[in-house]
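Visitor:
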Amino acid sequence: LAKYGQGPRGFTVQLPEATHDRSFAMTSSFSCMTYAALAAFSGIAGMEGRIDAIARATQSVIDQYTPVMKAAATEGYQRVVYLGSHIFKGLARESGLKLLELTNGALVTMFDSPLGFRHGPKTIVNDKTLIVVFFSNDAYTRSYDMDLLDELRRDDAAARVIAITAQDGVGLPKSDEIEVSALAGADDAELLFPYIVGPQILAFFESLRLGLTPDKPNTSGTVNRVVQGVRIHELS
720 LAKYGQGPRG
730 FTVQLPEATH
740 DRSFAMTSSF
750 SCMTYAALAA
760 FSGIAGMEGR
770 IDAIARATQS
780 VIDQYTPVMK
790 AAATEGYQRV
800 VYLGSHIFKG
810 LARESGLKLL
820 ELTNGALVTM
830 FDSPLGFRHG
840 PKTIVNDKTL
850 IVVFFSNDAY
860 TRSYDMDLLD
870 ELRRDDAAAR
880 VIAITAQDGV
890 GLPKSDEIEV
900 SALAGADDAE
910 LLFPYIVGPQ
920 ILAFFESLRL
930 GLTPDKPNTS
940 GTVNRVVQGV
950 RIHELS
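Oh and the sequence shown: position 196 is 915 in our numbering, straight run, nothing missing.
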């Protein structure tokens with residue numbers, strides 16, 4: 720595949736073997752592909768100077784908040800909603816996908832932007848719903864994140880709301896905030912890495928709670944680690 724992408728109109732980044740996931744759902748490989756894409760489009764020199772701080776912040780989230788996510792998986796949520804603006808909407812989609820994959824579809828997942836969620840999509844919320852909001856470091860965008868959080872608190876309809884943020888607390892109980900250390904002034908792209916690990920950890924423990932094997936949650940063979948039967952049709 721790497722050779723196929725070579726040529727004047729192609730740009731290939733071949734990741735090292737250690738980055739390849741062995742399990743069904745992509746976790747470490749997602750982070751590596753995200754980093755590779757950022758480095759390719761923003762310049763490797765710019766990313767090299769930031770990766771150490773990103774790695775430390777990500778490890779800190781793993782060390783500090785794994786027990787929080789493990790405990791959350793025991794609450795018996797039936798629906799989980801991930802919300803984020805701009806690039807975090809993509810991260811919300813990835814977070815929901817990981818949970819869907821690792822629970823073999825047993826949990827209902829949804830993703831949206833904070834503004835998009837505040838109308839019809841909000842009807843998904845009930846007393847068995849966990850909502851996770853990714854907070855932007857951009858002051859203007861963050862104001863909309865806060866507006867959504869205030870609305871969710873007024874509604875008091877969800878079982879729980881968790882905020883993932885790189886700045887000072889957002890007014891939720893400390894047990895409902897995942898604070899990423901030392902990246903309060905970082906670009907939102909840098910936050911993709913520490914932000915994703917919380918949802919990944921939650922998906923892992925939800926899979927175990929349901930009696931599944933996280934490395935191979937789908938035993939029917941209808942969904943595979945390597946997609947089967949896909950044809951590439953000639954573009955004329």
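Ideal Cβ placement from N, Cα and C applies to all residues, glycine included.
1) Should Glu898 be flagged as near chain D, meaning a C-beta pair shorter than 7 Å?
2) Take Val889 and list the residues in its own chain whose beta-carbon comes closer than 7 Å to its own, dropping the five residues that flank it on each side.
3) Which partner residues of Ile850 appear in the DSSP bridge assignment?
4) For Gly940 and Gln947, what's the separation of their Cα atoms in angstroms?
5) Beta carbon of Leu921, beta carbon of Met788: below 7 Å?
6) How long is the line joining the alpha carbons of Lys847 and Ser747, rounded to whole angstroms?
7) Which ranges does the beta strand (DSSP E) cover as unbroken runs of at least 3 residues, wholly within the stretch 826–870, from first to last along the chain?
8) By how many angstroms is the C-alpha of Val899 removed from the C-alpha of Thr731?
9) Taking the DSSP output, what are the residues bridged to Glu896?
10) Could you have a look at Ala776 and say whether DSSP puts it in helix, strand or coil?
11) Out of Leu927, Asp907 and Tyr796, which one is the CA nearest neighbour of Val880?
12) Between the C-alpha atoms of Phe807 and Leu911, what's the straight-line distance to the nearest angstrom?
13) In whole angstroms, give me the CA-to-CA distance for Met829 and Arg812.
14) For Gly803, collect the residues of the same chain with a Cβ closer than 6 Å to its Cβ; drop the 5 residues on either side in sequence, then sort them by chain order.
15) According to the neighbour-count rule (16 or more other Cβ atoms, all chains shown, within 10 Å of its Cβ), is Asp875 buried or exposed?
Guide: For this structure:
1) Annotation note: the requested chain D is absent from the structure, which comprises a single protein chain.
2) Along the sequence shown, read from residue 1 onward, the residue named residue 889 stands at position 170. Result list for Val889: Phe854, Met865, Leu868, Ala882 and Glu896, in chain order.
3) Position 131 of the sequence shown, counted from the first residue, corresponds to residue 850. Answer is Val800 and Val880.
4) By 1-based counting over the sequence shown, the position of residue 940 is 221. By 1-based counting over the sequence shown, the position of residue 947 is 228. The alpha-carbon atoms of Gly940 and Gln947 are separated by roughly 10 Å.
5) Taking the sequence shown and counting its residues from 1, the one referred to as residue 921 is at position 202. Taking the sequence shown and counting its residues from 1, the one referred to as residue 788 is at position 69. For Leu921 and Met788, yes; Cβs fall inside 7 Å.
6) Position 128 of the sequence shown, counting from 1, holds the residue named residue 847. Position 28 of the sequence shown, counting from 1, holds the residue named residue 747. Approximately 29 Å, taken between the alpha carbons.
7) 827–831 and 848–853
8) In the sequence shown, residue 731 corresponds to position 12, counting from 1. In the sequence shown, residue 899 corresponds to position 180, counting from 1. Whole-angstrom Cα-Cα distance: 32 Å.
9) Taking the first residue of the sequence shown as position 1, residue 896 is located at position 177. Glu896 is bridged to Ala882.
10) Taking the sequence shown and counting its residues from 1, the one referred to as residue 776 is at position 57. Helix at Ala776.
11) Numbered from its first residue, the sequence shown carries residue 880 at position 161. Nearest option by C-alpha distance: Tyr796.
12) As a position in the sequence shown, residue 807 is number 88, starting the count at 1. As a position in the sequence shown, residue 911 is number 192, starting the count at 1. Rounded to the nearest angstrom, the two C-alpha atoms are 7 Å apart.
13) The count along the sequence shown starts at 1 and reaches residue 829 at position 110. The count along the sequence shown starts at 1 and reaches residue 812 at position 93. Spanning the two alpha carbons is a distance of roughly 8 Å.
14) Stepping through the sequence shown from its first residue, residue 803 is reached at position 84. Within the same chain, Gly803 has close Cβ partners Leu810, Ala811 and Phe853.
15) The sequence position of residue 875 within the sequence shown is 156, counting from 1. That one is exposed.
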